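Colleague:
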Amino acid sequence: MNKALISVLGNDQPGIMAAVATVITEHGGNIENLSQTLLQSVFGALLMVSMPEDAQCKELQQALQQIGQKMRLSIHVDPWDEQPTPWQENPPEVQPYILTVIGPDRRGLVAEVSTQLARHGVNITNIQAIFKGGKNPMDNLMVFEVDVPRSTVMQDLRDALHEVGQRLDIEIDTQHRKIFESVSNISN
Amino acid sequence: MLNEKDIISTLMMVREQNLDLRTVTVGINLTDCVSHDLETFKRKIYDKITRYAGQLVASCNRIERRYGIEVANKRISISPIGVVGAPFSSEQLVEVAVTLDKAAHELGVDFIGGFTALVEKGMSKGDQALIEAIPQALTETQRICSSVNVASTRAGINMDAILKMGEIIKQAAELTADDDGLAAAKLVVFANIPQDVPFMAGAYLGIGEADAVVSVGVSGPGVVKAALEKALAEDENMDLSRAADVIKQTAARLTRAGELVGREVAQLLNLPFGIVDLSLAPTPNRNDSVGEIFEAIGLPAFGAPGSTAFLSMLNDAVKKGGAFASSHVGGLSGAFIPVCEDLTIAESAANGTLNLEKLEAMTAVCSVGLDMVAIPGDTTAEMISAIIADEMAIGVINKKTTAARLIPAPGKKAGDIVRFGGLLGEGPVMAVNMGSQENRFVRLGGRIPAPIQSLVN
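Heads up: the protein sequence lines correspond to chains S and R, in order. Residues in the first sequence are numbered from 36 upward in steps of one, following this note's numbering. Residues in the second sequence are numbered from -13 upward in steps of one, following this note's numbering.
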């Protein structure tokens, strides 16, 4: 069984998923997992697809290219060997945190914050940005969902992020995910 | 997946609205420490307290680091010393208080509560010795809190005990005259005292409780105020049904956060988790005041007509929200209205919007009672007893907890300012409507019988 990662990017319109999934099925492939998102008006999808041994990846690729041209999408097919990274092979014990960045967009903000996170061994599992503009600081918010290894000293991480916040004139808070969940969900 | 609104509102609660864990309180049962020998008793209680609560401060600090939520106070509640220290004289019980204070210092905890007697129906020898020891014990120690339950709905009101407590409060205040009568601020007289309060000065561990148990007191008047202000900003025609919903939902959220943190501390200490006490307990800071909630809802001031109605709704909505969020809500759970600990209430008392009589009326619908009320230093013991008797009657008849923490500030008269510092805050001395100080009624003593439980009207 071959596996492939298929990425689909382009302006949103109805029928993208229908076209892509139909072609995959017609070439004997099976979608094992997928994630789709909309960033403003841009559609993005990542599909994990298994293909029969004899299936021609090239043919599938050509068929997808045709869809891409017709619907003005950028579609890529990459073979996937499922080789885990060293981090995935030995995942550390982690605590889930939510990191919030409040304040207007700054050049280099994501780079600075994510660099500090990487330096402290922290893995980002999701990022969402909510920039509505205007004067209310809460309308300009970035939310990083992260996993912090037990070996990371929280105070060191908070200090490093505080320093970034001061330099870029933004406020960065780090709060345990359980607090948000216990306060927001009544069913756990 | 967390949504943006939930993230922002939770963030605001912690960052700007003073959500804190007011206290993590470890209850420790001392009944197995009893001895007829004072030194043995002192050693046993010191050892047991320091053993069970040895990691309390470190565990709270660890949880603070993990969750970024401050645990403002770390406290201990113990079995009533009037019971476990029954063989001893009042001089010996002062030594017990000093031993407890030493344990508190050693552990770095803020208070130990349980220098307590339960005398609603009658006073044992131990209770009597304890009550007589209170003024000296609270003067010689810094971190000990004392409470005396003098009434209950089932037993009625012990007027002999109330008469005695008037004298004790007066003595306690006079012994600490240099500090505006500070000892009296650590002493509270109760009707229907709950067994599991984590808040001071009323905390003690009831006889029906476990060997050791962790309870938490969550506060957050600032969070409730902000939620009401936001709801009003979104809909200026919001009615009181909606306001009650907002308070209820906010109370539920606060309780959830408190229970989460409390359970984690209990787990670290390897002790069972007891209860969450969700009480709107103010500190003497802006944005952490119960009085400010009254202004946010549109009352001209705390104590103005309408205040009793709103307080009843606030107290009830807080209880409903807490009870929905956790199956183990206990303690006092509701709205506190301590005068000196709350900037806005102290202001109302200072400018005359709030007088003692209105405050007493409001205690019929709050969760505690006449709390942190400084009164003129020349108020007689008898008059103090009479004020207490009134307050106890409100609790007994309404089947609720009421309490009186009165501080007859030595040398001070109505309108003067008293300062206790820290969480105890500062505020004006409130006038007592004395008339003639002669009060034969309270001197009659005896017991006011327990009220009938039928014919409710």
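The beta carbon of each residue, even a glycine, is placed where N, CA and C say it ideally should be. Predicted, not measured: the structure shown is a model, and the values here were computed from it.
1) Could you tell me if R:LEU93 is buried or exposed, where buried requires 16 or more neighbouring beta carbons within 10 angstroms of its beta carbon?
2) Tell me where the beta strand (DSSP E) around R:SER133 begins and ends.
3) For a contact meaning CB atoms closer than 8 angstroms, what does S:LYS167 contact in chain R?
4) Sort out for me which residues DSSP pairs S:GLU180 with in a bridge.
5) Taking the beta strand (DSSP E) that R:ALA436 belongs to, which residues open and close that run?
6) Check whether the Cβ of R:VAL0 lies closer than 9 angstroms to any Cβ atom in chain B.
7) Show which residues of chain R have a CB atom less than 8 angstroms away from the CB atom of S:ASP204.
8) From what residue to what residue does the beta strand (DSSP E) around R:ARG447 run?
9) Taking 9 angstroms as the threshold (beta carbon to beta carbon), is R:ALA243 in contact with chain S?
10) Report buried or exposed for S:ILE110, applying the criterion of at least 16 other Cβ atoms within 10 angstroms of its Cβ.
11) I need the DSSP call for R:ALA198, collapsed to helix, strand or coil.
12) Going along chain R in order, which residues have a C-beta closer than 7 angstroms to the C-beta of S:LEU178?
13) Can you tell which of S:GLN75, S:SER76, S:MET86, S:GLY45 has the C-alpha that lies nearest to the C-alpha of S:VAL58?
14) DSSP three-state call for R:GLY203: helix, strand or coil?
15) Give a yes or no on whether the C-beta atoms belonging to S:THR227 and S:LEU134 are separated by under 9 angstroms.
16) Would you please verify whether the beta carbon of S:ARG212 is less than 9 angstroms from any beta carbon of chain R?
17) Check for me: the beta strand (DSSP E) holding R:PRO414 runs from which residue to which?
18) Taking one C-beta from the region 23 to 42 of chain R and one from the region 222 to 241 of chain R each time, how about it: are there three or more such pairs within less than 8 angstroms?
19) Please state whether the Cβ-Cβ distance between R:ILE193 and R:ALA147 is less than 9 angstroms.
20) For a cutoff of 9 angstroms on Cβ pairs, would you count S:MET173 as touching chain R?
21) For R:MET224 and R:ILE283, what's the separation of their Cα atoms in angstroms?
22) Under three-state DSSP, which class holds S:PRO121?
23) Which runs of the alpha helix (DSSP H) at least 4 residues long sit entirely within the region 177 to 250 of chain R? Give them in chain order.
24) Have a look at R:ILE434, R:LYS216, R:CYS326 and flag the residue whose alpha-carbon is nearest the alpha-carbon of R:VAL415.
25) Which of the three DSSP states, helix, strand or coil, is assigned to R:ASN47?
26) Pick out whichever of R:LYS60, R:LEU392, R:LYS28 has its Cα sitting closest to the Cα of R:THR11.
27) Once you ignore the five residues that flank R:ALA290 on each side, which residues in its own chain have a CB closer than 7 angstroms to its CB?
28) Tell me whether the beta-carbon of R:CYS131 lies closer than 9 angstroms to the beta-carbon of R:ILE155.
29) In terms of DSSP beta bridges, what is R:ASN144 paired with?
30) When you compare only the Cα positions, how much space is there between R:VAL134 and R:PHE27?
31) At what residues does the beta strand (DSSP E) containing R:SER265 begin and finish?
32) Give me the DSSP bridge partner(s) of R:THR388.
33) Below 9 angstroms between beta carbons is the criterion; list the residues of the region 207 to 225 of chain R that meet it against any residue of chain S, in chain order.
34) Examine chain R for any beta-carbon lying closer than 9 angstroms to the beta-carbon of S:ILE162, and answer yes or no.
35) Let me see if you follow: with CB-CB separation under 9 angstroms, is S:SER219 close to chain R or not?
36) Assuming R:ASN337 is part of the alpha helix (DSSP H), what are its boundary residues?
Modeller: Let me lay it out:
1) As a first step, residue 93 of chain R must be located in the second sequence, where it is residue number 107. Buried, because 16 or more other Cβ atoms sit within 10 Å of the Cβ of R:LEU93.
2) Along the second sequence, one-based indexing puts residue 133 of chain R at 147. Looking at the DSSP string, the run of the beta strand (DSSP E) that includes R:SER133 is 130 to 138.
3) Here residue 167 of chain S corresponds to residue number 132 of the first sequence, with the count starting at 1. Simply none; closest approach about 10 angstroms.
4) On the first sequence, residue 180 of chain S is found 145 positions in, with the first residue counted as 1. According to DSSP, which records beta bridges pairwise, S:GLU180 is partnered with S:ILE133, S:ASN161.
5) Within the second sequence, residue 436 of chain R is the residue found at index 450, counting from 1. Neither: R:ALA436 is in no beta strand (DSSP E) and is coded neither H nor E.
6) Of the protein chains in the structure, S and R, none is chain B.
7) The residue given as residue 204 of chain S occupies position 169 in the first sequence. Those do not exist, as S:ASP204 stays about 17 angstroms from chain R at its closest Cβ, beyond 8 angstroms.
8) It is not possible to answer for residue 447 of chain R, since the shown part of chain R is limited to -13 through 443.
9) Within the second sequence, numbered from 1, the residue matching residue 243 of chain R stands at position 257. Taking Cβ atoms only, chain S reaches closer than 9 angstroms to R:ALA243, which makes this a yes.
10) What you label residue 110 of chain S is simply residue 75 of the first sequence in a count that begins at 1. Buried: at least 16 other Cβ atoms inside 10 Å.
11) Position 212 of the second sequence holds residue 198 of chain R. Note: R:ALA198 maps to strand in three-state DSSP.
12) On the first sequence, residue 178 of chain S is found 143 positions in, with the first residue counted as 1. According to the sequence displayed, residue 178 of chain S carries Val and not Leu. Within chain R, the residues near S:VAL178 are ILE(-7).
13) Here residue 58 of chain S refers to the residue found at position 23 of the first sequence. Comparing Cα positions, the closest option is S:MET86.
14) Residue 203 of chain R sits at position 217 when you count from the first residue of the second sequence. Of the three classes helix, strand and coil, the one that applies to R:GLY203 here is strand, per DSSP.
15) Given that chain S is displayed from residue 36 to residue 223, the structure contains no residue 227 of chain S and the question cannot be resolved.
16) Stepping through the first sequence from its first residue, residue 212 of chain S is reached at position 177. Yes, because at least one Cβ of chain R sits closer than 9 angstroms to the Cβ of S:ARG212.
17) Residue 414 of chain R sits at position 428 when you count from the first residue of the second sequence. Counting along the chain, R:PRO414 sits inside the beta strand (DSSP E) bounded by residues 412 to 414.
18) no
19) Here the question's residue 193 of chain R lines up with position 207 in the second sequence. Here the question's residue 147 of chain R lines up with position 161 in the second sequence. Not closer than 9 angstroms, so no.
20) Translated into the one-based positions of the first sequence, residue 173 of chain S becomes position 138. It does; some Cβ of chain R falls within 9 angstroms.
21) Along the second sequence, read from residue 1 onward, the residue named residue 224 of chain R stands at position 238. Along the second sequence, read from residue 1 onward, the residue named residue 283 of chain R stands at position 297. In a straight line, the C-alpha of R:MET224 is about 10 angstroms away from that of R:ILE283.
22) For the purposes of this step, residue 121 of chain S is taken as residue 86 along the first sequence, with counting starting at 1. Note: S:PRO121 maps to helix in three-state DSSP.
23) 207 to 220
24) Along the second sequence, one-based indexing puts residue 415 of chain R at 429. When each option's Cα is compared against that of R:VAL415, the closest is R:CYS326.
25) Sequence index remark: in the second sequence, residue 47 of chain R carries index 61 (1-based). Reduced to three states, the DSSP call for R:ASN47 is helix.
26) Translated into the one-based positions of the second sequence, residue 11 of chain R becomes position 25. Out of R:LYS60, R:LEU392, R:LYS28, R:LYS60 has the C-alpha closest to the C-alpha of R:THR11.
27) Your numbering for residue 290 of chain R matches position 304 in the second sequence. Counting only Cβ-Cβ distances below 7 angstroms, and skipping sequence neighbours, we find THR339.
28) Taking the second sequence and counting its residues from 1, the one referred to as residue 131 of chain R is at position 145. Taking the second sequence and counting its residues from 1, the one referred to as residue 155 of chain R is at position 169. Against a cut-off of 9 angstroms, the Cβ pair of R:ILE155 and R:CYS131 comes out as no contact.
29) To locate residue 144 of chain R, count along the second sequence from 1; it is residue 158. According to DSSP, R:ASN144 bridges with R:ARG433.
30) Sequence index remark: in the second sequence, residue 134 of chain R carries index 148 (1-based). Sequence index remark: in the second sequence, residue 27 of chain R carries index 41 (1-based). The C-alpha of R:PHE27 is placed about 22 angstroms away from the C-alpha of R:VAL134.
31) On the second sequence, residue 265 of chain R is found 279 positions in, with the first residue counted as 1. Unbroken beta strand (DSSP E) run through R:SER265: 259 to 266.
32) Here residue 388 of chain R refers to the residue found at position 402 of the second sequence. R:ALA177.
33) Of all residues in the region 207 to 225 of chain R, none is placed with a Cβ closer than 9 angstroms to any Cβ belonging to chain S.
34) If you number the first sequence from 1, residue 162 of chain S lands on position 127. No, no contact with chain R.
35) For the purposes of this step, residue 219 of chain S is taken as residue 184 along the first sequence, with counting starting at 1. Chain R, which has a Cβ nearer than 9 angstroms to the Cβ of S:SER219, makes this yes.
36) Position 351 of the second sequence holds residue 337 of chain R. Counting along the chain, the alpha helix (DSSP H) containing R:ASN337 begins and ends at 329 to 337.
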